[in-house]
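Read the structure below first, then the notes.
Protein chains in written order, with our numbering: chain A, 1 to 233; chain B, 1001 to 1218.
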């Protein structure tokens, strides 16, 4: 018990003294997960719009597929990305394995179905009356679609934040493709795993506290978006 | 050129049940036409058909400007609008709701602001302009819906039960808005089941009787 309290005290000390190693790990985590989120949103949002507004064969199947991929196991994604990027893999010539770029690719694959699927749900949940009203006011089909997306914006932001929460807390995929190299690909979750193995609890706890704080901030943002998105009258 | 509407032989069925059966009328002169009939008589359906939101099973909806018959395109649709009974408020401010139709027409920012503020004043909503529109009372939402429609200066305005289930004060304000626009020569077609309101507003009362449209004399 004393050991835990002692480690906690040292963990807070690391945070309060703005420990350089600690903050470089946090910054890398935010950079990797933030970049992955931007990439996932850039692909996921148009994909959600096509799924919501498009009329094409097997649309229901693709929506189901997206929903299924929301639960992709990170280690499986890590393994697949590893196989693609390894020297003998089809993208081996890019020499991306064990770089932050490889971690961004893996996290993008994890975040994409979450962003696309939750955004799709948000768009199709918009009251059909909005589409009609938009049309009666003289909107073109494209303007109607943009209006519906705008009405779904808080649901879409909730989806993006949920994806951010998932990739920030993820460890399996980035450990496989990033290699956990100190000062280069070592992020919060992989550091916690490593330092715990070494019995070096102060840094692991400090990062755990920061991770929890980020998680709480994400949840607070989600709650705000949910409240703002309530449209019933 | 003034926009005129002619409907002829409109037939429409819902789930095999015919609600309109050969409705014809010419809305040639500006003014207020009030469409009356009991619940389920097809008033809303006829309004939606006139506003080109629904296609009739048979019959014609013809818009005329001068001597030309207009084709159903975005240009024609931007000359008219329909306010639905549920209004359909956008999740944004009162100002943004009223400005919507002007923005999608690509007007200059200054013109949008000027016209929107004028319309908010007309609807008595100036003080609420920065408020979230969904937080308005049902009567205010109805006024907002009408203000949003009027902001685009439609030549023909369809109102479906504009004062159903709202209080007396808001009903009076909405009627004043309608009468004011009537003075300006706008054509309005209003569906209501309130006989007294019809008499207060109408230049012409139209009844849906036995699935047909009948003009009430006087």
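Glycine included, every Cβ here is placed at the ideal spot set by N, Cα and C.
Roughly how many whole angstroms lie between the Cα atoms of residue 1062 of chain B and residue 1082 of chain B?
17 angstroms
Output yes if chain A places a C-beta closer than 9 angstroms to the C-beta of residue 1013 of chain B; else output no.
no
Under 9 angstroms between C-beta atoms, does residue 1100 of chain B make it to chain A?
yes
For the region 1101-1178 of chain B, which segments carrying the alpha helix (DSSP H) assignment without a break, of at least 4 residues, lie completely within its bounds, in sequence order?
1109-1122, 1138-1151
Grab me the residues of residue 235 of chain A's own chain with a C-beta within less than 7 angstroms of its C-beta, minus the 5 sequence neighbours each way, in chain order.
This structure leaves residue 235 of chain A out entirely; chain A is present only between 1 and 233.
Rounded to whole angstroms, what is the Cα-Cα separation between residue 1184 of chain B and residue 227 of chain A?
42 angstroms
Can you round the beta-carbon distance between residue 4 of chain A and residue 186 of chain A to whole angstroms, since I take them to be within the 8 angstroms contact cut?
24 angstroms between Cβ atoms; not a contact.
According to DSSP, is residue 70 of chain A part of a helix, a strand, or is it coil?
coil
Give the straight-line distance between the Cα atoms of residue 252 of chain A and residue 1096 of chain B, rounded to the nearest whole angstrom.
Residue 252 of chain A cannot be examined here, being either before or after the span of chain A that is shown, 1 to 233.
Exposure label - residue 1122 of chain B; buried when at least 16 CB within 10 Å:
buried
Below 8 angstroms on the Cβ atoms is my guess for residue 14 of chain A versus residue 213 of chain A; work out the distance and round it to an integer in Å.
That belief does not hold up - the Cβ atoms of residue 14 of chain A and residue 213 of chain A are roughly 14 angstroms apart, past 8 angstroms.
Quick one: what does DSSP say residue 85 of chain A is sitting in, helix, strand or coil?
helix
Under the rule that 16 or more other beta-carbon atoms within 10 Å means buried, what is residue 1210 of chain B, buried or exposed?
exposed
Look at the alpha carbon of residue 1024 of chain B and the alpha carbon of residue 61 of chain A, and state the distance between them as a whole number of angstroms.
46 angstroms
Below-9 angstroms beta-carbon distance, residue 130 of chain A vs any chain B residue:
yes
Please state the DSSP three-state secondary structure of residue 223 of chain A.
helix
Would you mind telling me which residues of chain B sit closer than 7 angstroms to residue 139 of chain A, beta carbon to beta carbon, in chain order?
1104
May I have the straight-line CA-CA distance separating residue 8 of chain A from residue 131 of chain A, to the nearest angstrom?
54 angstroms
As assigned by DSSP and simplified to three states, the class of residue 146 of chain A
helix
Can you tell me which of A:230, A:191, A:195, A:224 puts its alpha carbon nearest to the alpha carbon of residue 29 of chain A?
A:191
Let me know if residue 1008 of chain B comes out buried or exposed under the rule of 16 or more other beta-carbons within 10 Å of its beta-carbon.
exposed
Contacting positions in the region 1106-1120 of chain B - beta carbon closer than 7 angstroms to chain A:
none
Relative to the C-alpha of residue 1039 of chain B, which residue among B:1208, B:1216, B:1013 is closest?
B:1208
Could you give the distance in angstroms between the alpha-carbon of residue 1153 of chain B and the alpha-carbon of residue 1098 of chain B?
12 angstroms
Length of the line joining the Cα atoms of residue 119 of chain A and residue 225 of chain A
13 angstroms
DSSP-derived helix/strand/coil call for residue 154 of chain A
helix
Check whether the Cβ atoms of residue 1201 of chain B and residue 1214 of chain B sit closer than 9 angstroms, and answer yes or no.
no
With which residues is residue 1082 of chain B paired in a DSSP beta bridge?
B:1158
Min CB distance residue 1081 of chain B to chain A below 9 angstroms
yes
Determine the DSSP secondary structure at residue 233 of chain A, reduced to helix, strand or coil.
Residue confidence is low: residue 233 of chain A scores 44 on pLDDT, short of 50, so the model does not pin down where it sits. No coordinate-derived value is stated.
Given a limit of 7 angstroms on CB to CB distance, which residues of the region 1059-1076 of chain B reach chain A?
1074
Closer than 9 angstroms at the beta carbon, the chain B residues around residue 124 of chain A:
Result: empty, since nearest Cβ-Cβ is about 16 angstroms, beyond 9 angstroms.
Below 7 angstroms CB to CB, which residues in the same chain sit around residue 1198 of chain B once its five sequence neighbours on both sides are set aside?
1034, 1036, 1192, 1205
To the nearest angstrom, how far is the alpha carbon of residue 1001 of chain B from that of residue 1195 of chain B?
33 angstroms
Given a limit of 7 angstroms on CB to CB distance, which residues of the region 139-159 of chain A reach chain B?
139, 140, 143, 151
Simplified DSSP assignment, three categories, for residue 188 of chain A:
helix
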